[in-house]
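Written out below as structure tokens is the structure these notes cover.
2 protein chains.
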Amino acid sequence: MPPFDMARTREKSASAEMNPCGACPVRSLTVCAALDPEELRRLADILQNVRVDSGHTLFAEGDSADALYNVTSGTVKLYKLLPDGRRQITGFLVTGDFLGLAVNDSYAYTAETVTSSSLCRFPRKKIDALLEEFPKMQRRLFSMASNELAAAQDQMLLLGRKTAKEKICSFLLMLSQRAARRGHKENPVFVPMSRADIADYLGLTTETVSRTFTQLKTAGVISLQEGNKVLIADLDAMYDLAEGA
Amino acid sequence: MPPFDMARTREKSASAEMNPCGACPVRSLTVCAALDPEELRRLADILQNVRVDSGHTLFAEGDSADALYNVTSGTVKLYKLLPDGRRQITGFLVTGDFLGLAVNDSYAYTAETVTSSSLCRFPRKKIDALLEEFPKMQRRLFSMASNELAAAQDQMLLLGRKTAKEKICSFLLMLSQRAARRGHKENPVFVPMSRADIADYLGLTTETVSRTFTQLKTAGVISLQEGNKVLIADLDAMYDLAEGA
DNA sequence: CGATCCCTTGAACGTAGTCAACGCGAGTGG
DNA sequence: CCACTCGCGTTGACTACGTTCAAGGGATCG
Chain U
194 MPPFDMARTR EKSASAEMNP CGACPVRSLT VCAALDPEEL RRLADILQNV RVDSGHTLFA
254 EGDSADALYN VTSGTVKLYK LLPDGRRQIT GFLVTGDFLG LAVNDSYAYT AETVTSSSLC
314 RFPRKKIDAL LEEFPKMQRR LFSMASNELA AAQDQMLLLG RKTAKEKICS FLLMLSQRAA
374 RRGHKENPVF VPMSRADIAD YLGLTTETVS RTFTQLKTAG VISLQEGNKV LIADLDAMYD
434 LAEGA
Chain H
194 MPPFDMARTR EKSASAEMNP CGACPVRSLT VCAALDPEEL RRLADILQNV RVDSGHTLFA
254 EGDSADALYN VTSGTVKLYK LLPDGRRQIT GFLVTGDFLG LAVNDSYAYT AETVTSSSLC
314 RFPRKKIDAL LEEFPKMQRR LFSMASNELA AAQDQMLLLG RKTAKEKICS FLLMLSQRAA
374 RRGHKENPVF VPMSRADIAD YLGLTTETVS RTFTQLKTAG VISLQEGNKV LIADLDAMYD
434 LAEGA
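So the sequence lines, in the order shown, correspond to chains U and H.
Here my numbering is used: position 196 in the first sequence is 389, and no number is missing along the way.
Here my numbering is used: position 118 in the second sequence is 311, and no number is missing along the way.
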């Protein structure tokens with residue numbers, strides 16, 4: 194029996210065997226894009242499929258960073274805490290996003306599922322070895338990190354300089370655009386996270402988030418629908434409101 | 194704002210030969226660390242040394258991103274603007290930091306000098322080719338981007354969840370630690386940027402920055418010295434104040 | 001059916017923003 | 001050489017946006 198078959202038997206989930214990377218429907222979105230079949234096979238050999246229910250912690254800030262993850266379905270939030278419990282969510286990750294970058298071999302943030310999610314888990318040492326071997330993948334990861342960095346700067350602008358209304362509108366537009374890029378319907382927008390999560394992402398309180406939704410609803414810019422969906426009724430107004438026009 | 198071509202003197206390979214990367218005193222801090230002599234020579238071949246007076250724009254948000262830069266001396270600020278002029282400074286870069294990562298071949302932010310500065314300029318196409326060739330350098334760049342990303346998340350926590358006093362203390366401590374890591378004296382801290390710049394970095398107004406400095410001064414935690422220096426009189430208090438203890 | 005969680009709404013409060021004035025030092029020109 | 005301007009920092013008075021504290025509704029679940 195070839196060694197790679199041995200490796201595959203170690204995978205946690207049977208679904209990984211039935212759905213190898215070559216057939217992965219979200220590959221084009223992520224770090225695995227543009228790898229050739231042989232490289233994909235090598236990648237499949239080291240990954241574990243992980244399924245996590247909503248509200249569970251993948252890893253906590255300060256944990257030793259022994260794996261990189263790739264979201265294949267669901268939504269994951271990353272956050273940091275202050276000693277007194279104040280929380281800042283630094284990102285909501287969805288299909289195709291990766292997480293687990295480390296500083297000093299420790300995670301810099303806590304990762305927790307918002308909805309039940311599936312992830313590919315790459316043990317650090319193995320993925321590092323593979324990155325050495327496949328510069329193509331290294332470049333891809335770098336380019337994704339660059340995009341993350343640009344998004345982080347947008348978020349700083351939002352946190353430091355936007356009003357509550359502008360923050361909420363920017364947030365909804367971001368979710369909408371992100372859904373569109375993944376081939377989901379961009380309107381109404383699916384908003385799976387709680388008011389508390391939105392507040393901690395935008396630097397607000399739940400009360401302010403709730404009040405601002407009500408304002409926008411009253412102004413006829415959005416309307417709330419069943420199943421945590423938000424219909425953007427006036428897209429132009431949203432764009433204007435998102436930047437203070 | 195003066196036109197930057199006037200202030201900027203671009204020295205071609207001639208000066209690069211006189212001061213080759215091999216003798217560069219800040220190499221260990223930056224992307225050029227751990228390259229061998231041959232690789233350094235190749236790097237020196239493509240770089241331009243750039244000297245820029247204070248208050249000049251290196252490039253603006255949206256410009257086509259045709260170069261990567263590396264700060265060798267001085268301080269550079271990066272910022273983004275809202276249509277009505279509100280500004281968020283996303284970082285102050287010093288010796289060893291790089292800038293110029295692009296999204297869609299455009300810069301995502303404006304880069305402007307705070308003090309007169311020197312930079313190494315790497316034309317995009319040439320540096321990309323070199324990165325292909327030297328995976329070592331690619332990895333180094335990636336690891337620096339990872340650190341940037343972690344710093345960005347810290348900044349989001351600051352912007353979203355810290356009070357004015359906590360922001361100012363965190364800021365001064367960051368400057369102090371950064372100076373220490375570069376072998377400069379960490380106390381008193383050199384603070385070359387204006388109140389307006391500090392405000393736009395911390396999501397405050399100049400008045401609040403000024404008032405908070407006065408408060409900290411009155412409380413005996415810091416004292417202001419000649420030449421834009423801040424003496425941290427009570428380091429423990431600063432650490433506590435920075436996280437709301 | 002009670003307990004819990006999440007969301008919403010109301011009222012009062014407080015932190016930081018806004019508007020305004022002034023001091024100070026550097027640079028400029030009469 | 002002095003008067004003037006200009007940019008920057010500081011301080012004061014007032015305001016406002018978002019927070020805090022509190023209450024209640026609605027959905028879910030044991």
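Ideal Cβ positions, reconstructed from N, Cα and C, are used throughout, including at glycine.
Is it true that the CB of Lys270/H sits closer than 9 Å to the CB of Ala301/H? no
May I ask you to report which of helix, strand or coil DSSP gives Leu286/U? strand
Hey, out of Ser339/H, Asp246/H, Gln348/H and Ser336/H, whose CA is closest to Ile282/H's CA? Gln348/H
In the stretch 334-352 of chain U, which residues sit with their C-beta less than 8 Å from some C-beta in chain H, listed in chain order? Leu334, Phe335, Ala338, Ser339, Asn340, Glu341, Leu342, Ala343, Ala345, Gln346, Asp347, Gln348, Met349, Leu350 and Leu352
Tell me which residues share the same chain as Gly437/U and place their Cβ nearer than 8 Å to its Cβ, disregarding the 5 neighbours each side in the sequence. Lys355, Thr356 and Glu359
Helix, strand or coil for Thr356/U per DSSP? coil
Delimiting residues of the beta strand (DSSP E) encompassing Leu261/H: Ala260 to Ser266
Can you have a look at Glu326/U and say buried or exposed, based on whether 16 or more other CB atoms are within 10 angstroms of its CB? exposed
Minimum Cβ-Cβ distance from Met431/U to chain H less than 9 Å: no
In its own chain, which residues sit with a C-beta less than 7 Å from the C-beta of Arg220/U, not counting the 5 before and 5 after it? Cys214 and Ala226
If you follow the alpha helix (DSSP H) that Ala237/H is part of, which residue opens it and which one closes it? Pro230 to Ile239
Just how far apart, CA to CA, sit Leu350/H and Glu305/U? 17 Å
Interface residues of chain H around Arg374/U at Cβ under 7 Å? Those within 7 Å of Arg374/U in chain H number zero; the least Cβ separation is about 13 Å.
Could you tell me whether any non-hydrogen atom of the ligand MG is closer than 8 Å to the CB of Val243/U? Although the ligand MG was asked about, the structure shown includes no ligands whatsoever.
Return the CA-CA distance between Met431/U and Gln370/U, expressed in angstroms with no decimal places. 13 Å
Closer than 9 Å to chain U by CB, Gly437/H: yes
Quick one: which residues of the stretch 293-308 of chain U get their C-beta closer than 8 Å to a C-beta of chain H? List them in chain order. Leu294, Ala295, Val296, Ala301 and Tyr302
According to DSSP, which residues form a beta bridge with Asn242/U? Cys313/U
Residues in the stretch 273-287 of chain U with C-beta within 9 Å of chain H's C-beta atoms, listed in sequence order? Lys273, Leu274, Leu275, Pro276, Asp277, Arg279, Arg280, Gln281, Ile282, Thr283 and Gly284
Put Arg280/U into one of helix, strand or coil per three-state DSSP. strand
Threshold first: 3 residues or longer. Then list the beta strand (DSSP E) segments lying entirely within the stretch 374-428 of chain U, N to C. 415-418 and 422-425
8 Å CB neighbourhood of Lys422/U in its chain, flanking five on each side removed: Pro381, Val382, Phe383 and Val384
Count the other CB atoms, across all protein chains shown, that sit within 10 Å of the CB of Gly267/H; report buried if there are 16 or more and exposed otherwise. buried
Can you tell which of Ser310/U, Ala237/U, Leu228/U and Cys217/U has the C-alpha that lies nearest to the C-alpha of Leu249/U? Reading the sequence as shown, one finds His at residue 249/U and not Leu. Here the closest residue by C-alpha is Ser310/U.
Euclidean distance between Cα positions of Arg333/H and Arg279/H: 34 Å
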